[in-house]
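Be aware that the sequence shown starts at 1, since it is given in full-length UniProt numbering, and climbs by one per residue. Every residue gets a Cβ at the ideal spot worked out from N, C-alpha and C, and that includes glycine. Note sheet for the following structure.
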Amino acid sequence: MSTPAEDVWLTGGTVFDATGREPFRADLRVSAGRVAQVVPLDPTSRPADRRGPGVAVEDVTGATVIPGLVDAHAHVGILRLHGQAALPAPVQAALVFAILADSLAQGFTTLRDLGGVDGGLVEAVRRGLVPGPRLLPSGQIISQTGGHGDFRGHVPAVSSATAGSGGCGHAHGQNPPTGADGLTLPMLLVDGPDAATRAAREQFHRGATQLKVFATGGLLSHGDPLEAPQLSQAELRAVVEVAEDRGSYVTAHAHTPRGLARAVRAGVRCIEHATLVDEATVELMAAHDVAAVATLTVSEVLRVDPASLGAGPVDPGDAARLRESAARAIALLESAGVRVGCGSDLIGERQHRRGWEVALHARLSGASVALQRATRVNAEICGIADEVGTLEVGKAADVAVFDGDLLAHPELLMTTRPRLVLAAGDVVSRGSEVLA
Ligand SMILES: [Zn+2]
């Protein structure tokens, strides 16, 4: 990438530091991969000349300088919900690597992957073999038999070929492979606390940084009722205890109140989607300081481009109700004082709409709140707020620079890419492509 020994000055831009402070004009210096200085500009004095030996100057006058974006709900390895295993493994890997590089180009310097990939992909990025964001993998999603993660179909089709290939001693009840190992891991079916404990430990063994469970049914799935809680209190508690012993946490997919409340009482720290919450549930979340990650992009993509998700025809009424529910949920969560983050939940071969999530949150909650969710709040939820999420001195220099006034026009996140992206101080993307 760029020469790391060089200091970089981003001069003349409007800095949105995501601490809650109003945007302000400032010069920002990056040194040794960190934010080293933020110097507010006095409009009356002449701009300082930042040039010098070992210094690169990027004039970003007229642009908005924000912390690198964090997608708190990604699935970089899920290229297709069905049939991915038929793609050659090298093709799957190439597509996943392209998704990682493209995420940087969209200004996303951190992705929390909530199911599919393991620590192997992190290693490939860390060694510099493929360009990609900071990646927080969850390994296999932990589900109950007959739950949201049960992909065996209604008739368990256990052929002798798949039954013998599991190698884990309980292959009779497991999902078939979904794709290349380490890129698209099948969801893991557990029943009973002992199986839950083992499943949780297994994910940390293969590099998970947090765990993901299914605590209710899903909206676009069949065979598991949306209202039904999934995993017992004892099973959820077993997973939570393993995570706590690792200094980590569990996040739970939950749409409906019963399963959501059970997961909160079992000690999960975060709820994904939280689409159909009621007042009692949001108060319980607030009392336990449990965060929510709202996911608005998928229902918007269903409205404008359902084919890209590989979904069949979707009843426009259903999609509209889903959007209304999500908007109502965000209002309830906000009024209860629950910390709300955001995640795109994108799947597919081209995951080029991560910025949509931020723009959609801006429509509901305003641009400043939306940008804070996609940076500082998501970093807090991911447990990495000491390192990233704001543009404060000492933080890792993960920075995205968008042409124009992002606070006045957050919809730019749907239509343009940042002109400049830095990850840990290195320039990783350049050029503000306008999206079709
Ligand atoms: Zn998801």
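Whose CA, out of S308, A336, L309, lies closest to the CA of D289?
Of S308, A336, L309, the residue nearest in Cα terms is A336.
Let me have the residue list for ligand 1: C-beta closer than 6 Å to any non-hydrogen atom, ordered along the chain.
The set, ordered by position in the chain, is H73, H75, L114, D345.
For A396, does the count of other Cβ atoms within 10 angstroms reach 16, so buried, or fall short, so exposed?
Label assigned to A396: buried.
Answer yes or no: do R354 and L346 have a C-beta to C-beta separation smaller than 9 Å?
With a cutoff of 9 Å on beta-carbon distance, R354 and L346 are scored as near each other.
Compute the beta-carbon to beta-carbon distance between L180 and I142, rounded to the nearest angstrom, for a pair I have assumed lies under 8 Å.
Before going further, note that residue 180 is Ala rather than Leu in the sequence given. That pair is no contact at about 21 Å.
Can you list the alpha helix (DSSP H) stretches of 4 or more residues lying completely in the segment 118-158, in chain order?
Runs of the alpha helix (DSSP H) spanning 4 or more residues and lying entirely within the segment 118-158 occur at 119-126, in chain order.
Could you tell me how far apart the beta carbons of I66 and L406 are, in whole angstroms, since I believe they sit closer than 8 Å?
So it is a contact: roughly 7 Å between Cβ atoms.
Meets three-Cβ-pair contact criterion under 8 Å: the segment 316-329 and the segment 369-379:
In short, these stretches do not touch, since the Cβ pair count stays below three.
Taking the continuous beta strand (DSSP E) assigned at I78, which residues delimit it?
First-last for I78: undefined, no H or E at that position.
DSSP bridge partner residues for L211 (one or two, in chain order)
Per DSSP, V250.
What three-state label does DSSP hand I66 in the structure shown?
DSSP places I66 in strand when its eight states are reduced to three.
So A74 and L111 are in contact, right, with Cβ under 8 Å, and what is the actual spacing, rounded?
About 4 Å separates the beta carbon of A74 from that of L111, a gap short enough to meet the 8 Å contact definition.
Excluding the 5 residues flanking V76 on each side, which residues of the same chain have their C-beta closer than 8 Å to its C-beta?
The answer, listed in chain order, is V96, I99, L100, S103, L111, D113, G116, V117, L121, L135, Q351.
Which whole-angstrom value is the C-beta distance of V15 and V30, which I expect to be below 8 Å?
About 13 Å separates the two Cβ atoms, so there is no contact after all.
With DSSP run on the structure shown, which of helix, strand or coil describes G267?
Residue state, collapsed to three classes: coil.
In angstroms with no decimal places, state the Cα-to-Cα distance between L188 and A199.
Rounded to the nearest whole angstrom, the C-alpha separation of L188 and A199 is 7 Å.
Helix, strand or coil for R29? Go by DSSP, reduced to three states.
Here R29 sits in strand by DSSP.
How far does the alpha helix (DSSP H) with Q203 in it reach, from first residue to last?
That run of the alpha helix (DSSP H) goes 193-205.
Express the C-alpha separation of A359 and A408 in angstroms, rounding to a whole number.
The alpha-carbon atoms of A408 and A359 are separated by roughly 11 Å.
Pairwise C-alpha distance: G128 and V314:
Going from the Cα of V314 to the Cα of G128 covers about 41 Å.
Alpha carbon to alpha carbon, how far is L420 from F402?
Going by the C-alpha atoms only, they are around 7 Å apart.
Please state whether DSSP places residue 508 in a helix, a strand or coil.
Residue numbering for the chain in the displayed model covers 1 to 436; residue 508 lies beyond these limits and cannot be assessed.
Could you pull the start and end residues of the beta strand (DSSP E) that D181 belongs to?
Note, D181: premise wrong, no beta strand (DSSP E); not H, not E.
Near I239, what residues of its chain come up, given a Cβ to Cβ distance below 7 Å and the 5 sequence neighbours on each side ignored?
According to the sequence shown, residue 239 is Val rather than Ile. For V239, where only same-chain residues beyond five positions count, the Cβ hits under 7 Å are I142, A196, A200, L211, V213, V250.
Identify which residue in G132, G149, A72, A208 has its Cα closest to the Cα of G139.
Nearest C-alpha to G139 among G132, G149, A72, A208: A208.
DSSP three-state call for T390: helix, strand or coil?
In the three-state DSSP reduction, T390 falls in the coil class, being neither helix nor strand.
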